[in-house]
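In terms of mature numbering (1 follows the signal peptide of the UniProt record, and there is no 0), the sequence shown is residues -19 to -1, 1 to 143.
In what follows, a structure is listed as structure tokens, so that the remarks can point back to it.
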Amino acid sequence: MRIVIITLLLALLATMAAAQHTVNCWGKAIHPELSRVQEAIRFFEHTIDNVNPRFPAAVHAGRHSCVETYCVHKTSIRYCNDSNQGRTMPLQNIMDSTIVISRECVADHEGKKVAGGVVDHPDHWSVVVQKDDSCTAEGIQDIPGIQNGTVTVVGAQGDKKE
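If you want it as structure tokens, here you go:
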């Protein structure tokens, strides 16, 4: 009985270790304000809880490409697919990675709390949170690329989907 329990425990630990993501909190000067990242998380929560064809609950990215999933108030959140095939990612997974960044990558910069970085997953996808001056939308109704139920692919190499 003890051997079975120990074996199960070791198998569980091995599975958990293999499924770990890595977090890189590079350059706080290019991080958006923490409050803006938290707004994005609330947007994702609302989108997941209230199914709406204008804001899909999953995002597709072609092979080796990124998709802008949020671009408001100079805050950019992108889902990147680093595999050789297109992949559709549930918004829940993107939100979870954004939450990780909002907790693990907080810094003070010029008197403000900022958070940004990248979460890389072992199965070849990542989420990038960074400041982007081209994200000029003032609210979710102005998010470029998500209007009319489409999502704009950033840096796609074939396999583009809207």
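In this text, a Cβ means the ideal position worked out from N, Cα and C, and glycines have one as well.
Pick from the options that is closest to residue i, judged by C-alpha positions
i: L15; options: D104, P37 and E91; result: E91
i: E119; options: T50, P103 and T56; result: T56
i: H45; options: V53, R68 and R23; result: R68
i: I22; options: Q66, Q1 and L72; result: L72
Status (buried if at least 16 other CB within 10 Å, exposed otherwise) for residue i
i: D104; result: exposed
i: S64; result: exposed
i: V32; result: exposed
i: W106; result: buried
i: R17; result: buried
i: Q111; result: buried
Simplified DSSP assignment, three categories, for residue i
i: Q1; result: coil
i: T69; result: strand
Anticipated Cβ contact below 8 angstroms, residue i with residue j, distance rounded
i: A42; j: N62; result: 4 angstroms
i: V109; j: I75; result: With 8 angstroms as the limit, V109 and I75 do not qualify as a contact, their Cβ atoms being about 10 angstroms apart.
Residue i versus residue j - alpha carbon distance
i: V95; j: A10; result: 9 angstroms
i: V81; j: T117; result: 25 angstroms
i: C52; j: R84; result: 20 angstroms
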